[in-house]
Amino acid sequence: MPIEVINLNHSYKEGTPFEQQVLFDINISINDGEFIGIIGPTRAGKTTLAQHFNALHIPRRGKVIIDGFDTTDKQTDLVSIRHQVGYVFQNPDYQLFAPTVGEDIAFGPVNQKLPAEKIKERVQEAMTQVGLDYNTLLNRDVFALSGGQKRRAAIAGVLACRPKVLVLDDVTAGLDPRGREEILNVIGELHHREKITIIFISNSMDEAASLAERIIVINQGKVIMDDATRKVFARFEELNSIGLELPEAMVLIEKLRLAGFNLPTGVLNVNEALNSIIKVLLEMEAHK
Amino acid sequence: MEKIIETIDLNYSYRAGTSEEVRALYDINISVLPGEMLAITGQNGSGKSTLARHFNGLLTPSAGDVIVKGLSTRNKENIKEIRKVVGMVFQNPDNQLISSIVEEDIAFGPENLGLPQSEIRERVNWALHTLNLEKLRYEPPNNLSAGQKQQVAIAGVLAMKPECMVLDEPTAHLDPRGRREVLESSVRLNKEEGITIVLLTHYMNEVIHCDRMVIMDNGRLEMQGTPREIFLNSKEVKKMGLDLPVVTHIAAGLNRKGFNVAPDLIHTEELIDNLCRLK
Amino acid sequence: MELTKNITLGVYLPGTSIIHHLDPRTKIIAAMVLIVLLLFSRSYTTYSLIFLFTAIIVLFSGIPPGYVVRGLKPMLPVLVIMWIFQLFLFKTPDTTILFEWWILEATEAGLHMANLITLRVLFLFTVTTLLTLTTSVVNLTDGLESLLKPLRMIGLPSQELVMTLVIALRFVLILAEELEKIVKAQMARGVAFDQGNFIQKTKKLFPVFLPLFIGAFKRAEELIVAMESRSYTGGKGRTKMKTLQMSRADLAAAVVIVTYSIILIYVIVTVEPVI
Amino acid sequence: MNLSVRKIVISGILGAITILLAVTRLGFIPVPTPAGHATIIHVPVILGGILEGPVVGLITGAIFGLFSFLQPGAPFFADPLVSILPRLFIGIVAYLVYFLTKKVDTVVAHTFEKPLLNIKKKMSPGIAGALSKFNGILPYLLGGAFGSATNTVFVLGMVTWRGYLPSEVSISIGVLHGVPELIVAAILTVILVKGIQRIRPTEDKA
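Residue numbers (numbering that gives the first Met the number 0), protein chains in the order written: chain A, 0 to 287; chain B, 0 to 278; chain C, 0 to 274; chain D, 0 to 205.
Here it is, written out as structure tokens:
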């Protein structure tokens, strides 16, 4: 289910005196099975771009081709596209509404008009995929779930549509460390085991760096980098200059480099940082 | 030293006395000392927010007592005085700003105190200046970033000139940059204006800037001490669903490997110093 | 999909005219006086006078007349329908028939009635538009608060009532953004809002309305706590950073309004209403 | 009249929703009539009355009316007697009908508890289950319906009395629009009240 973005431009409040262009000449191609991180400062246009991936925004200028279907084409079945490219919003409260967890997760498949048997099967499967216990939580009130459980229920509600691509829009915001870890594990599993293409929008450089294989950096509505994760983070000075807060481990390593330690650049997480420091210290000891 | 806030065997249950009673706090004894910056941390649902809401009388203990500068929050007549001493900033900046213009919102608190007009104006100017918000004075909050809105919320409480400010997860809804800016403001208010700060958070890189920290778990106060002392017990900390600061994680790892690095480091500079000594 | 696009809250057009600089209280009272007079105007003479006066206000406000007229445009279709309905359906026993068409007959009384209601609505709309065009929302609420203050004595919590308005205005845009996200989140799960019949479309409201209202109530709970913790206990004992100041222009405006009202009342009383 | 912070805030936020429904056109649903749409903008006002009492209903209605006066959706709303005055009653009527039917409902349920139980026992569990879903919703349903009817009748009454439309036209609009509006408003009221009660555990769970 490849996604092709061609010369995409987008403006808010188009046709009013307050018109403001938010995306400029975006060209991106997303292939099956990728894990892409989209990063950039707040209001850079990340969400607006991502909402073009499942036809929540329809381009006025430029094109978005999803699995060969042009979203600007009147013939294209947008509802079916939205089922195949799932979109999970930051705040689960935006989508949860049904009396029970089960009914809420079933909402997508019900919209697909699937038979009851199939729906039940999908709900069960989606709940398992996100680690919500089917037996105890199926009939639980969605509003009675904890913050972390709500996020997982929201993801399950989208997974139940059996998407081939999943867009996750800052889904860890506001969670505590354990809740964050659980969600990130679920996402990792979906990518590795279910082979779902993941498009992960995040404000957290730490998360993007440790999960994504490829990073797209958006600034002021333009794609300024699009490359393998390590290569993008090697350009940390540029990232810093557009106002991104770099992964803490990376900042630490850079400070150590300035202090004269011969450490490699492009360290992405704490464990890599620890290992590279150990390596350098061992080398130093060997020299003595 | 006189304590600003002291809780004595504080217990609290939501919907006490009904069939849906939920126990939220168990026998909490904690004090907040003048001039300190105290971190209260713990997982979501650990009871830290419930505890914080006792500090200025938004909640009244089911059992035990909360004393703010000698006044019990149990006595309704004390509440107005208590709220002058202890101001509170909440998680979601959108749900605490009232006016459609920044400076008017900051004036909201002082107006409620019934201060004379000139004094309100002075305080608003001072709060705007202290938090570097002068440029945003006439903006509507809707035009601001979440981080800026939170700074405005802090300014609104600052203008009431509290001795103590309780910040209830002020950074949870912010992006990393907004988070850093709000943290910097809190540290500055503590160090430069001498305001006692109670910071609720689960970001360990915020906790390391505090003088003291407590960890809550399941409504109980489980650990108490300086960040340095507490992060030394990495296993305990992780058991309560929290992370270690990056520096502590690395320092502890190096220490385990037998390098001569102190295991209780929390600041980047300390780690660099320690490593430089190994050169 | 952009819901926030169409939101124009208070059509305030910033400017530096005399009218812009008037105290909001002056403008609110003036608008109220004009509205009350309009409700009693039932002759073409009064409407000519009202037209004259409105034109003068527009001139002084520095707002392009075209801007005011354009604001009337969306009203036009319904206005025409209303006019036609009254022309054919309004009757008095002694009226003369102007012309007949099919089974309908247009009477003189109907024509006058149609004209009068059309004129009334047009000028009512122009008066409120002029008020909101020249006064910012914050000024409007401040003015309202100050004007309602004397009503405290009869037990009306004026300050609190205006506070509800302040909160409403603050939260419209926040909730609008939230609404947009809710609609999109449900579209992402396959809801096609533009398809289906009346019942199907009504059903599609639930997955939008429930999160919207529940989110709003959660916000309300948080706002209550935040306001209480900032020592808000209602209007009692509250002071204001800004107080409104009347200027000489306000005095002049008051004189103009009073003079105009007297003339108009005289005309309303003496000139025979057309219907 | 004494207004608590709670009443102020809830009136304000419900008022914000009415404005939002009006400006985004979300408050209009298409019906097969000449005008093409029915309005449910008054539903927050009904909710205010039922959930928080007549005062909140009154204030929310006033905000609705004021907004409809300042940014009229139809020409005759430029007349405050049409746009503001009728809206003051929506929340109050909704509250009164809710309050009275709730009393009657409780009394009926109490008196006929035993016979009803017997009837239920004889029914198939499927039907009994379906019926029990309707337990206690009547007050909300009627509150919503009457609140909506108040809007229709009072607004159109004023429109007619002020001479903007002849009575024949008003009556036909009242039937064509008022009825679907009433049905949708009543159902929405039930669903929204039930939903909001899920996050307010202290309130009575009907």
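Quick reminder that beta carbons are idealized off the backbone N, C-alpha and C, glycines included.
query	result
Assumed close pair Val-189/C, Gln-111/A - CB separation to whole angstroms, cut-off 8 Å	Looking at the sequence shown, residue 189/C is not Val but Gly. Right, their Cβ atoms sit about 6 Å apart.
Min CB distance Tyr-86/A to chain C below 7 Å	yes
Listed by chain order, chain C residues near Ala-279/B by CB distance under 7 Å	Because chain B here runs from 0 to 278, residue 279/B falls outside it and cannot be looked at.
CB-CB length for Pro-161/B against Val-85/B, believed under 8 Å	6 Å
Proximity test, Cβ basis, 7 Å: Ile-45/D and chain A	no
Inter-residue spacing [alpha-carbon to alpha-carbon] between Gly-52/D and Thr-105/D	19 Å
Endpoints, the beta strand (DSSP E) within which His-36/D is located	36-38
8 Å Cβ cut-off: residues of chain D touching Asp-103/A	The premise fails here: Asp-103/A is roughly 12 Å from chain D at the closest Cβ pair, so nothing lies under 8 Å.
Residue-level contact to chain D via CB, Ala-253/C, 7 Å cutoff	no
Residues near Ile-223/A in its chain [Cβ-Cβ closer than 6 Å; skip 5 each side]	Val-216
Chain A within 7 Å of Thr-201/D, Cβ atoms only	Summary for Thr-201/D: the model assigns pLDDT 49, below 50, so the residue's position carries little reliability, and this model does not support an answer.
Close Cβ partners of Pro-138/D (< 7 Å) along its chain, the five nearest in sequence each way excluded	Tyr-97, Thr-100, Lys-101 and Asp-104
C-alpha gap between Ile-56/C and Gly-72/D, whole angstroms	24 Å
Simplified DSSP state of Thr-201/D, which is helix, strand or coil	Since pLDDT at Thr-201/D reaches only 49, below the 50 mark, its modelled position is unreliable, and the value read off the structure follows with that caveat. DSSP places Thr-201/D in coil when its eight states are reduced to three.
Chain B contacts made by the segment 156-190 of chain C, where a contact means CB separation under 9 Å	Met-162, Val-165, Ile-166, Leu-168, Arg-169, Phe-170, Leu-172, Ile-173 and Glu-176
Proximity winner among Phe-23/A, Ile-214/A, Pro-114/A and Arg-192/A, relative to Ser-201/A (alpha-carbon distances)	Ile-214/A
When Gly-218/B, Val-197/B and Asn-124/B are compared against Ile-298/B, the one with the closest alpha-carbon	Residue 298/B is absent from the model: chain B starts at 0 and stops at 278.
Short Cβ contact (7 Å threshold) for Asn-77/B with Asp-175/A	no
Cutoff 7 Å: Ile-277/A Cβ touching any chain B Cβ	yes
Positions along the segment 147-173 of chain A whose CB lies within less than 9 Å of some CB in chain C	Ala-153, Gly-156, Val-157, Ala-159, Cys-160 and Val-166
Min CB distance Gln-95/B to chain C below 7 Å	yes
Cα-Cα separation between Met-0/A and Ala-125/A, rounded to whole angstroms	20 Å
Where the alpha helix (DSSP H) containing Ser-209/A begins and where it ends	204-210
Residues near Thr-170/B by beta carbon distance below 8 Å, same chain, minus five either side	Gln-149, Gly-177, Arg-178, Val-181, Leu-182, Thr-200, Tyr-202 and Glu-205
Start and end residues, beta strand (DSSP E) containing Leu-13/D	Segment 4-23 is the alpha helix (DSSP H) holding Leu-13/D; no beta strand (DSSP E) there.
Burial state of Lys-204/D (16 or more Cβ within 10 Å)	The predicted model places Lys-204/D with a pLDDT of 35, which falls under 50 and marks its position as unreliable; any figure quoted below should be read in that light. Lys-204/D should be labelled exposed.
Nearest to Asn-270/A (by Cα), restricted to the options His-286/A, Ile-197/A and Met-249/A	Met-249/A
Cys-163/B: first and last residue of the uninterrupted beta strand (DSSP E) it sits in	163-167
Interface flag, Gly-14/C vs chain D, CB-CB below 7 Å	no
Proximity test, Cβ basis, 7 Å: Asp-92/A and chain D	no
Selection from Ala-158/B, Ile-119/B and Leu-135/B that minimises the alpha carbon distance to Ile-100/B	Leu-135/B
7 Å Cβ cutoff, Asn-202/A in contact with chain C	no
Nearest-angstrom Cα separation, counted from Glu-110/B out to Glu-118/B	10 Å
Bounding residues of the alpha helix (DSSP H) (the contiguous stretch that carries Leu-38/C)	23-39
Ile-96/C at chain D interface by Cβ criterion, 7 Å	no
Contact check, Phe-12/C vs Ala-248/C, beta carbons under 7 Å	Looking at the sequence shown, residue 12/C is not Phe but Leu. Cβ distance not < 7 Å, so Leu-12/C and Ala-248/C don't count as in contact.
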